[in-house]
Structure formats: structure tokens, C-alpha cells
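If you're matching them up, the sequences are chains Y, S, A and B in order. Going by this note's numbering, the first residue of the first sequence is number 7, and it counts up by one from there. Going by this note's numbering, the first residue of the second sequence is number 7, and it counts up by one from there. Going by this note's numbering, the first residue of the third sequence is number 197, and it counts up by one from there. Going by this note's numbering, the first residue of the fourth sequence is number 197, and it counts up by one from there. For each residue, glycine too, the CB sits at the ideal point set by N, CA and C. Computed from a prediction, not measured in an experiment: that's the story for all the values here. Let me begin by presenting the structure, written as C-alpha cells, before commenting on it.
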Amino acid sequence: MAETAIQLLTPEGTRVEHPDYPLEVSAEQLRTMYRDIAITRRMDVESTALQRTGELSLWCPTLGQEGVQVGAGHAMRPGDYGFTTYRESGIFHVRGVEADELLQLYRGNTHSSWDPQRVGLGLFTIVIGSHALHAVGYAMGIQRDGTDDAVLACFGDGATSTGDVHEAMVFAAAFSSPVVFLVQNNQWAISVPVERQSRVPIAQRALAYGMPGIRIDGNDVLAGLAVTRTLLDRAREGGGPALIEAITYRMGPHTTSDDPTRYRDESDYAHWDELDPLERLRRHLLLIGEADEVFFAAVEAECEELGEKVRGSIRGMPDPDPMLMFDAVYAEPHRDVEADRAQMGAYFTRLQESA
Amino acid sequence: MAETAIQLLTPEGTRVEHPDYPLEVSAEQLRTMYRDIAITRRMDVESTALQRTGELSLWCPTLGQEGVQVGAGHAMRPGDYGFTTYRESGIFHVRGVEADELLQLYRGNTHSSWDPQRVGLGLFTIVIGSHALHAVGYAMGIQRDGTDDAVLACFGDGATSTGDVHEAMVFAAAFSSPVVFLVQNNQWAISVPVERQSRVPIAQRALAYGMPGIRIDGNDVLAGLAVTRTLLDRAREGGGPALIEAITYRMGPHTTSDDPTRYRDESDYAHWDELDPLERLRRHLLLIGEADEVFFAAVEAECEELGEKVRGSIRGMPDPDPMLMFDAVYAEPHRDVEADRAQMGAYFTRLQESA
Amino acid sequence: MTGMTMVQALNAGLRRAMENDPKVLLMGEDIGPLGGVFRVTDGLQKDFGELRVVDSPLAESGIVGTAVGLAMRGYRPVLEIQFDGFVFPAFDQIVTMVAKHHYRSEGRTPMPMVIRIPYGGGIGAVEHHSESPEAYFAHTPGLRVLTPADAAEAYVTIQQAIASDDPVIYFEPKRRYWDRAEVDDVSPITGDPWTSRVVRAGTDVTLVAYGPMVRTCLEAAAAANDDGVSCSVVDLRSLSPLDLNPVYVDVRRTGRCVVVHEAPVTLGIGAEVAARVSQECFFALEAPVARVGGAFLPYPPNRFEKHYLPDVDRVLDAIDGVLAL
Amino acid sequence: MTGMTMVQALNAGLRRAMENDPKVLLMGEDIGPLGGVFRVTDGLQKDFGELRVVDSPLAESGIVGTAVGLAMRGYRPVLEIQFDGFVFPAFDQIVTMVAKHHYRSEGRTPMPMVIRIPYGGGIGAVEHHSESPEAYFAHTPGLRVLTPADAAEAYVTIQQAIASDDPVIYFEPKRRYWDRAEVDDVSPITGDPWTSRVVRAGTDVTLVAYGPMVRTCLEAAAAANDDGVSCSVVDLRSLSPLDLNPVYVDVRRTGRCVVVHEAPVTLGIGAEVAARVSQECFFALEAPVARVGGAFLPYPPNRFEKHYLPDVDRVLDAIDGVLAL
Ligand SMILES: Cc1ncc(C[n+]2csc(CCOP(=O)(O)OP(=O)(O)O)c2C)c(N)n1
Ligand SMILES: Cc1ncc(C[n+]2csc(CCOP(=O)(O)OP(=O)(O)O)c2C)c(N)n1
Ligand SMILES: [Mg+2]
Ligand SMILES: [Mg+2]
């Protein structure tokens, strides 16, 4: 197991080669990833603002973690499938979920607003750790279909303590299923530091199951891309599961309800600021002469546009028809749900009449 | 991590030294352990026979695994506490639970027949893996009490797949609690071979948590004694948790309800027969001249006596008074239980009157 | 028509479902070479292979959680939980994930899955092997709950459960596993499993039961008949949804109702039946609905179970009770 | 007497319990420096140290399972489950181990433990943060279940729960966390928490509620009063054991009963209340017991909750219903 985290792009923006993870990446793709990170970041800002004005119930900022998210998103093939947490707007964006689509959920209109089939992303689960098993099961399905798809299972450092994540790794190893576990170690599970979950690097967990455990610089989009792609390919070729620990930092609060000043020092941020994934990629693009201020201004303009679009579609959105809540509890009619629907409908009518 | 299992006594009965696990053991203690294994084994035979004649509901044979059980039992100090499975009559015997006491449970009279405080053994839990957490919690209590007790948590290879065992190791590592996890890898979880639980040695699980993982020859009572004692002492001195994988074999069926011919080959047994823990210790005692046929005959007589005692106390034992089932549901009176008790009492009276 | 035990009927039903749909697969502990501890899956791995009959690692949350993923990929997993008492490690996956997935996805992702659970007491087992946890699942929106009362029912309803696009918790009354019945294993499967069925018609008292207690109630009804009391017996069969219409019709005639199950009475299925029957048959009831079931204790050691479990005498006593008013 | 929110009252109650008994310790996620996501444990780690206020790894089964061991060693763990929807990973430990330990050990090993769970909806939260799972626990022999309706109750009953030698599931109505009340934080703690209490006396209809719905019912009773209908309100307070005697007494006078909770009606606490009241007040009831509660759905997205949750209007509608008969 690598002691130090794999890095393909230094904080100063220079490329480093790694023997195990060779990477060829076009300038076009570099620019796309820059744009993806910038847009993800803007979405964070917009969503936080919308939450502050009561348009959203909650938002879980991704700030600081976009590097590995965008890299991993780009590592996936269209047929691959991802299982994520609530803090993965980078991957959602890369896989084609529109910002205002995703925000339906945080507005409280729906429990899931995207079509899992279309974007190849499962519903995210708020009950920490549980989706790791869904990912493995999905991968077991791939094995039975005989296709060469692979699955990416994303979760946080806190999640690694849960029984479900363990069982997921046990099953994946037992059946040698095509799944890569991507742990975003952002140093915190709400207010609890990662040391409470593990006294040794999280990547070391992989040894328990006989699979590779690789630490990467989570703020390096290229490391995220290269290592995730290599391990997904290994998995799809029958090499079995693997674990990536992406070392990063949650620069924002846990959610818009959180107050990090209660449990961590402002002074921590400076260190991570220097490792910022967006700035790093910007430096790289400038260094290799593949982007200029015109490009950056265009991205900025695109972000502005996104912001406007999001605000426009979310602000003052009407609430859904109350009777919709009775839909889709079951795939086939269920007597008790239908009785409740009828009863509630009659009640709403009485209520309107008496009003 | 040791690649090969630690052995202090060869199958031929000769002592081997191991630099990390020096062991001084008196002839007296060797004879005691021989006796313990023999008695445990006899209890197996008696219990199986009692089950066959309907006196017990079930029995879980320990045959083949007595070496590590008796060794580990001897490694514990009186103040230490153990958490076991249903297949641990060796440890129960060493810790002073009488055979006929234990069998109350398998007769169906009680869910637990020993006093946990007296023998320092928790109730065994049939829901696989769950007691590993109890062990860690108990160890956390020891840390708060500031005593130098330690805890032994025993479970099988199958149990290592459960989320609870993982969470137990996470907590133990996080709090550096004085607990030793002893996995008896008897190669099977009912009909499922250990390879389905793990493709790498179970001891390797320890690496995930940054604790030592030691493989031992589970049919070697001395390795069981020395390694368990060393790690318990390390834990009680603040060294933190550790994991032992004892390689052994379940020579009997999973329980008296099981039919192993459906899933494994008779031919497997021969190999393990040669590694038998009792025979090994017998050879050793003979080799070092610390036991003779008089001693072995005395042990045999003691076993006979035990058999008679057990049969005498279990056979034809009357069923408990039905109303006892209402006792001890709660520590303090509970209205609903009391109502049910009264109702049932009245019903029994009606039933008797009408009969 | 073939004479079969319930175990054989379930085995035949599983086999037919697997033949009919290549997406059906079985997963659980010891269901492969061993054929399950009750032999319900006997021979299936041999015939359908290890990819369709999967011996899993020992982890119930893992079994159910991976089945969620398999269902998302288009499979129809049929899971075996070895005994009632071992379903709880999977409770989170069942209640939080399986039950809600269709709703959470706004109908985009169905969750066809059957979780087979041998349940109930009466076989002299050790702890955690005799429980009746059905009310937990029937209280959970998003799940369906079925339980067969005999081999013929089992053969049909296990196939219907597998064919359903909703997740079904399928409770198998283990003390009835070895009861034999004539099973029609030739005709196409028809009928609506999500209904209750009147298995005996009577005029004085309506007995309501499901799973293992259907036979007990039929025996009680026969005994009552000898005493001149005519009892109907309704087998609920589906615990979610509940179909109490046949019960209401019957109670409106008899005016008396006794609900019987093994689970603790408090908040057991009988509570819902009693509440609804009291509501719907308010003016017809001549006596309060009586509930016969487990006392408010953990399942006791098995030497107590013949006293703990409802039996013919307890049902007769309750019949006397409702007739006394 | 001090004016306190329910959060402050719980904090004060925990503090006092910790001062009184060195064996009391708190464990949960984010209960240390953060003081819990609702700040119920605010300041306690600072004052009692990390050994008595433990921020655990992220694992609910781990929290409850290790607490079992701590209790065996003589401690009295008070656990925080961060939200209702996250109790299920610990369900096995709670139902299989915590609930049964005293019984299994034949009374040798008490299991004093309090599991605090903020529950219920009404705060506009995301999924899994608004559920009412109390019926699962009330159906489980071996557990006690308490839920306070206001700050004064919370201050007293949290201490009584901690003092109990039995395991207590303590449901905190999170939408009432910020309601203020006068709390007597000076007098010794007295009274029996395992009883229900009549919080308003009336003559026409008996409203039965607990936790968050007590205030709703009091508001409904006030509104009904304006329309000339006099309602009693009974706060169950303890869901296990249930104390329905005050309800029976009241219903025998009013002849009408409405039970209100947020959880799905089917097999919710109201089912047991309706079944028992229908039994005990059979001849006094003028109308069937009405149940007001959640529809049979997973908790919907929060933009629906004002329609999903019982409110004053729904309770008034049910009052009209029982009066119409
Ligand atoms: C089973 C469960 N327990 C508790 C919570 C409350 N909770 C939400 S996020 C969180 C911390 C998660 O930490 P981590 O896995 O590191 O992910 P991060 O939020 O840092 O991305 C907790 C405790 C939950 N959602 N699910
Ligand atoms: C949670 C749970 N699931 C399933 C079972 C049924 N069961 C009893 S023993 C056993 C196998 C246990 O294997 P292992 O841990 O290796 O212990 P061994 O029996 O070999 O000593 C199983 C699956 C159980 N008791 N608990
Ligand atoms: Mg984190
Ligand atoms: Mg084993």
C-alpha cells in the first residue's frame, strides 16, 4: 500500500508521472474538467444562498472536494453505474444531472429528482453506508449479465465505520465483483474527526479483504481520474474490487444547518486552501498554455448563467399537489394506500367546503 | 503478520519455542489442561446422546476445537471477562460452569443457566457476531473503572463477515480498549466454507484497524494459552486490542440437527485427526514423562463420572412451572406483563377446572 | 395434484419460478449444497448453478443490501433469512431501503424482491428461532407481507410473491413445514394473493388467523362444533395489504370475533384487526373482539412454549369468552 | 421554576442525572464539542469529560452494542441516535440484545440504558429525519418507551428514564424542541412516568395523544371548545407500558374517543389504543374509536408534510366524525 497519496498534479500545477497510473489527457478534457469543477462550485454557492432565503430545506456543500469527484466522474464510462452520498454534486454534474433537477430534492419536492437509468446514478442514501451494499449487488448483477460495466461506490470517512460498508467489502471480495469503493476522506464526519473512525489510513481497510487500497490526493483531479479509471478497468476485466482513499477536506460546514466553529479551527483551512483543486487546474492550464483569460471568463459567464437559471427555476416554485404523495408507494395497487388516498381526498374536499 | 500459524506443540507432542510467545507451563497445568480437554470432549458425547434421546433440544459439538478453547480459558485471569458463542463448552468448563448447569439451556429450561458475574462469562448470543460489541463495551467499562482486567471475545470465521464484528473492531481500535478478539476458524459456517467469508487469512482483518493479527494452530492448547495470554496482558497494560485467528476444524456436525455429508467430504477429516488437540497433549505428557496410564485412567474415570452425573441430572427432569415464564421480563414491574400474567393464571385455572 | 409437504411445495414453487424467469435468483446462507436448514432450496443449486443459487457470506444486511442492487440491475432476488430472529440485522436495509425504493424513485425503480422468513414457534428450538416479527413489517409502508397456511397455498403464493413488482416479506410457518396437502402443480397460477379467504363457514363466531394459527383455528372450530358452536375461520393470508372485507361480512353475521396469532398481542396484527373490525362492525358486534396471542414477553425457553403458544384450548376459551357476553 | 425550551430542559435533566450518578455516561455521534445536532448535550463534554460524554465512531449498532457491554459492567449509558431514521442499523441490538437481556439472564443482569431518539416531522427536514418509529419498540417486550410532550415533562422523565433499571427508548418530539415551558428544576423528582396523564378535562370527546400531538390536540380542544364541544386530552406519555385506565374512565363518560399520532395508522399505537378501548369501554362507546395519523406511505418529501401530518383541522374533522354518530 502506498504510504503517501498519489498525486499527478502538484498544487503548483505541474504534472507528475506515476508508473502505475499513466495518464494521457487532452487539453480539451482538462478544460472540461476545469469547467466542471467551477460549475460544481458555483452550484454550491447558489444552493447555499437559496437555502439561506428559505427556498431550499438544506444543502450539503461540496466545496474543496470537487477534484476527486470530477476526476472520478470522468473516469466512469457511460454504462458504468455510481452510488453516491448527498455530498457529490461534482459527480452528479459530470454524469448529466442538471442543477435545478438535483435541487428539487433539497427543496423538498421529491426524494429523488433524476432518472437513475438515464444518468447511471442510484438514488443517494442518507442513511450512511447502506448504499455500499447496493453498489456491490449491482456489480453482482453485471457479473451475471456478462457485460464489462463497473460500479463506483462513493462514501465518506465516517461511513467506513458502518457495518454495511464492511459487509459490502466482504461480499465484493467473496464474489470478486466489479466495484470500486471511493472513500472521500474529508477529515470529518460532521464534528467527529477521522481519527475517531480509524487510527490508521482508511486505505488500509482494503488489506482486510485482500484488495488493493490506494491513497490519492483528493484535491488532484488527475489523480482522481487516473486511479479511478485504472481500478474501474481492472474491475471490469475481472480483477475484482478495490478501494481508493481520496485525501481531501470539507471546506464548508457539514450542511447549511451546521456550525463548524464549534468543533474546528479556522487555522486548518489555510493549509487546504493551498491545495485547492480548481486553482491547481487553473495553474496547470496556464502553465501548459492551454487556457487563457478569455477561457476563464467564459467559464465564469457560464457559471453566472447557471446561477441565474437555478435561481429562476427554484425561487418561488409552487408546492406540488398534495395528492401526489400517494403515488408510487407500490408498483401495484395496495388496498390500504388506496383507502388512505380516498379518505384524504374526501377530507381535503370537506376542508375546502368548510373554508 | 505471521504467514504460518504459531505452534508451540507439534502434533507429535514436542515443544517448540517461539521468540514472541515464551511459555512456562508446569506439569500440573499441562495435566489440568489435558483433563479439561478430555472432559469437554466427553461432555460433547454425552450431550449429543442426550439430544438423540430427546432430553435436549439441540447440541453444538465442540469436537476438534477444544485445544484453543481450553488454552484461551487458561489464559484468562479470574477478573477477566469472556463473551462466547454457543460452541465454546471448553471455555465454559475452564471458567467453572458445570456441565449440567450449561445443559439447562439446551434442554430448553432457560436462556442462560450460569451466573455471568460468578464465572465472568456473558450470556452467549446466538445472533451471530452481536456479542463482539458487548465485549468491546465491557472493555470500555474496564477503562473507565481503571482496573487491569481484559476481555476475550470469541466468535467463528462466519461471524467475521457481520457488520457488528466490524463495528466492534472499529470501536475497540478507536478507544484502544482492552479486548482480544479470538476467531476460531473451524473452516465452516454451517455448510459454507471459510473462503466465502474471506479470500485472505482472517487474521489479516486486523490490519484494517491497525491492530496485531496473529494466526495460531488452534489445535495446539499451548499456542492458545501463550498467545491469548500475551495479547490479553498487552491489552490490560494499555496496548490496545488484538485479533487471534485460531486455525482448527469442526470435526462434528454444525449442531445435532445438521447433516455435514451434504456439503463436505469425509476425506477432509483424516488430516485434522492427525492434529487432534487431546492426542497431541497426551503425547507430550508421555514424552516429558509427566503422565502415565494411571493418570489417563483417572481422567477417563472422571469423565465417566461426569457422564453419569449429567445423565442423572438431565434425564427426565421435570419441566419448569409455566408461570415462571412471566418472571424477569423487566427489572421493575410492567403493567402489560402483569396483566398478561394475571390473565394467563386465570386461564390455567379455568383449564384445570374444566379438565 | 400431488401430495406435498409445505417444504416440498415451496421447493417446487421456487423451481417453477426459476424456470419461468431467468432473472429470478436465490440468495441466503446455506441454501446451496445444504439446501437450506429446512431443505426448502434442496437441489436447486445443482440444477440452476451457483450464479442463481448463491450461498452468501454470513451477513443478513449484506444479503438484503446486495439484493437491492441486484433488483436495480433487473434481477428478482428471492432471499432466505435462516430464522425469524436473524432478520433484524437486515432490518435497516428492509425498512429504509427495500420498502421505500419505489416511492423514493417516484416509481422509476421497482424493487421486486422476496424475503423468505421461516417464523413462529412450536418446534422446540433454541432462542431466536421461534419468533413472530410480522407486525414490524406490516406496519411498514412499501412492503407487502404474505404468509401461507398450508402447502397448497405455499406453492401458489410463493410464485405470486416472486412475480410481484413490489418487495414481499414471505413468512413461512415453520411448524407447518411438514404438513402435507394436495398441491395442484399443473394448472396455471391464478387468483389474487392479496386477499383473505374464508376457509370454514360458520354462524356463531368468526375466527381470524394466518400462517400457523389457521390450522389451530380449524381444529378449534371442529372442537367447538362438537359443542354446538359454529365458527367461521378466515385466513388473512396477506398481512399487507390487509383484506378485512370477508371478515366484516362474516362478523356482521356472527357478531363475534376472535383473532389469533403467536406474536405478542400488544400491537400485533390482532390490534389492527380488532381496531378495524370494531370500527366497521360497530353496530353488529355483540361482544368486543377478543385477541389470543403471545404474552408480552420475549419468546420463552422452549419448555414453556406449549403454554406460551395459542392452542386449541386457548382458542376455545376465547370463543367461550365472546359467547358469554 | 425556570423558563426553558425542551432542548434546555433535556440538557438540564441530563446534567442533573450525571451529577447524581457517576455511572451515567452519554454516547452518540457529535454529542461532544458540537453538543449534538440539536444541542441537547451542549456543554456536557466540557464539564464531564470525554470518558463520560463520548463521541462515537459512525455506527449505530456499535453505539448500542457497546452500551450493552457498558451496562453489564455497571454503567448506565444514555445514547443519542441522531435522528429517528438512523435507529434501524441498531434495531437488531435493541430488539435482540437490549430488550431481552434481563429476561435471558433470568434477572441476573439488568440493562439500564436510555436510547434518546428525536422523532417525528414538522421541521421541513430531508428524508429519514421525520419518522415516527415508536410502534416497533412498543411492540417489543423488554423495552420501555417514553415520550415527553413538553419541556417540564422532558426535564422530569429523562431523569426517571435514566434511573430506571430497564432499557428505555426515549422519543423526543423534535418539532417541540423549541417550545418553552416553566420547569421546576429544584424540587426532587417524583411521580410515576409509566402512567398517562389527563392534560385537559372535557365531557364530549376524549382525545388521546402523545409526544408532538399533545399540543396539537390541546389546540384542537381549544378550537372545539369555541364550537361548544368539550374535549378531554390524555397524554399517554408512556407507550410501554401503556396506561389506558385514565382513558377508559374518560371514555366511559364521553362515549367518544379519537387517537392521534404522526406514525402510519396501520399498526400504530392507535391500533392498540382502539383495540383496548373498544374492549374495555364496549358498552359505553357511542361511536367507534377514530384514529388520526399518517397515511400508509413512507414519510413524504417535506413540501407535503403539512398535508401529511395530523393538524388541528384533521383532529377537528375526526371530532366531527365521532360526534356525527
Ligand atoms: C446511519 C446514519 N447515522 C447518522 C447519520 C447522520 N449523519 C449525516 S452525515 C454524517 C457524517 C458523515 O460523515 P462522512 O461519512 O465522513 O461523510 P461526509 O459528510 O464527511 O461527506 C452523519 C453522522 C446518518 N445520516 N446516517
Ligand atoms: C445473524 C445470524 N444469522 C444466521 C444464523 C444461523 N447460524 C447459526 S450458526 C451459523 C454459522 C456460524 O459460523 P461461524 O461463525 O463460523 O461459527 P461456527 O458455527 O463455525 O462455530 C449460522 C449461519 C445466526 N445464528 N445468526
Ligand atoms: Mg467525512
Ligand atoms: Mg466456523
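Nearest in C-alpha terms to S/D86, of all of S/Y144, S/Q35 and S/V189, is S/Y144.
DSSP, read as helix, strand or coil, puts S/Q190 in strand. Proximity of Y/D274 to chain B, defined by a Cβ-Cβ separation below 8 angstroms, is not satisfied.
Secondary structure in the stretch 130-161 of chain S: no beta strand (DSSP E) run of 3 residues or longer lies completely within the stretch. Taking 7 angstroms as the cut-off, one finds no heavy atom of ligand 2 near enough to the beta carbon of A/V291. In this structure, S/R268 has its beta carbon at no less than 7 angstroms from each heavy atom of ligand 3. Cβ contact annotation for B/R340 (same chain, cutoff 6 angstroms, sequence separation greater than five): D362, V364 and S436, in chain order. In the structure shown, B/E276 falls within a strand segment according to DSSP collapsed to helix, strand and coil. The residue from Y/G114, Y/R101 and Y/A105 with its alpha-carbon nearest to that of Y/E61 is Y/G114. Of the residues assessed, A/R248 falls on the buried side of the cut-off, its CB having 16 or more other CB atoms within 10 angstroms. Contact between the stretch 230-243 of chain B and the stretch 284-298 of chain B is absent, with fewer than three C-beta pairs closer than 8 angstroms. By the criterion of at least three beta-carbon pairs nearer than 8 angstroms, the stretch 201-211 of chain A is not in contact with the stretch 340-347 of chain S. Here S/H277 is exposed, its C-beta having fewer than 16 other C-beta atoms within 10 Å. Separation of the CB atoms of S/L249 and S/M217 is rounded to 6 angstroms, and the pair is thereby assigned contact status at 8 angstroms.
In terms of beta-carbon proximity, Y/D170 lines the interface with chain S, with at least one pair separated by less than 8 angstroms.
Taking a cut-off of 6 angstroms from the heavy atoms of ligand 4, the residues with a C-beta inside it are S/G162, S/D163, S/G164, S/N192, S/W194 and S/A195. With fewer than 16 other beta carbons inside 10 angstroms of its own, S/T267 counts as exposed.
With respect to Y/I208, Y/V189 sits close: the two C-beta atoms are nearer than 8 angstroms. Between S/P259 and S/V186, the C-beta gap is not smaller than 8 angstroms, which leaves the two residues out of contact. Annotation for B/P408: G316, P369, R371 and R372 place their beta carbon closer than 6 angstroms to its own, counting only its chain and skipping 5 residues before and after. For Y/E52, the secondary structure class from DSSP, reduced to helix, strand or coil, is helix. Taking a C-beta distance under 8 angstroms as the contact criterion, Y/R47 and Y/E72 qualify as a contact pair.
As the crow flies, the alpha-carbon of Y/T254 is around 7 angstroms from that of Y/D223. Exclusion of A/V236 from the 7 angstroms shell around ligand 2 follows from its C-beta lying no nearer than that to any non-hydrogen atom of the ligand. Neighbours of B/G466 in chain S, taken as residues whose beta carbon is under 7 angstroms from its own, are absent, since the nearest beta carbon is some 17 angstroms off.
When Cβ pairs closer than 8 angstroms are counted between the two stretches, the stretch 266-275 of chain B is seen to touch the stretch 133-150 of chain S, the count reaching three or more. Counting only Cβ-Cβ distances below 7 angstroms, B/G338 has contacts in chain A at P494, in chain order.
Of the other Cβ atoms in all chains shown, 16 or more fall within 10 Å of the Cβ of S/R41; this residue is therefore buried. Annotation for B/R235: V203 and N207 place their beta carbon closer than 8 angstroms to its own, counting only its chain and skipping 5 residues before and after.
Each residue's CA atom was taken as its position, placing S/Q13 and Y/S136 some 41 angstroms apart.
Taking the Cα of S/S263 as reference, the smallest distance to any Cα among S/S32, S/A33, S/I43 and S/A55 is reached at S/A55. If you ignore the 5 residues before and after Y/G351, its C-beta comes within less than 7 angstroms of the C-beta of M329, all in its own chain and listed in chain order.
With respect to chain S, the C-beta atom of A/N498 has a partner C-beta closer than 8 angstroms. DSSP places S/V74 within a helical segment (H, G or I) once states are collapsed to three. Inclusion of B/I515 and B/V443 in the CB contact set at 8 angstroms is not warranted, their separation being larger than that value. Boundaries of the beta strand (DSSP E) harbouring B/V220: V220 to G224, taken from the DSSP string.
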